[in-house]
Each structure stands twice: as structure tokens, then as C-alpha cells.
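Please read the structure below before turning to the comments.
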Amino acid sequence: MRSLPSAPMLNGARLNGEVVQDADCHVTAADLTEGALKLTAGKKRHVLVQVGD
0 MRSLPSAPML NGARLNGEVV QDADCHVTAA DLTEGALKLT AGKKRHVLVQ VGD
């Protein structure tokens, strides 16, 4: 089941460990934790985004 419509059903997208419920959500400064945020897609794909000055 690897299709775009199945992603929300599987809760596969996460931002800082929290499930992304809205496909149109935007990342803001409030989402940063110590100047970084973690994006996760599924179990194995993780990205740490660090914001510089």
C-alpha cells in the first residue's frame, strides 16, 4: 500500500514526533526545538533540519 492517499491513513508523517493531521500545515518558529526540527516519513526516513542565524 504505497500511495499518496494511504499516507494520512497510516499516520506516516510526523513533525517532532507528533503525527501531522493536516496535509496543508506549515512549519513555524514555534515548531523549533533548540533551533531544529525532526521530520519523519514512515519508520525509517528521518531528517533533522537545523536553522542557523
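Residue numbering for the sequence shown follows numbering that gives the first Met the number 0, starting at 0 and increasing by one per position.
Backbone N, C-alpha and C fix where the C-beta goes; we use that ideal spot for every residue, glycine too.
As the structure is a computational prediction, the values presented were derived from the model and not from experiment.
How big is the Cα-Cα spacing for residue 23 and residue 34? 23 Å
Residue 36: which of 28, 43, 42 sits nearest, CA to CA? The residue with the shortest Cα to Cα distance from residue 36 is 28.
Residue 35, DSSP secondary structure in three states: strand
The beta strand (DSSP E) that contains residue 20, what's its start and end? In the DSSP annotation of this structure, residue 20 is not part of any beta strand (DSSP E), being labelled neither H nor E.
Tell me the rounded alpha-carbon separation between residue 44 and residue 10. Near 14 Å, if we compare the C-alpha coordinates of residue 10 and residue 44.
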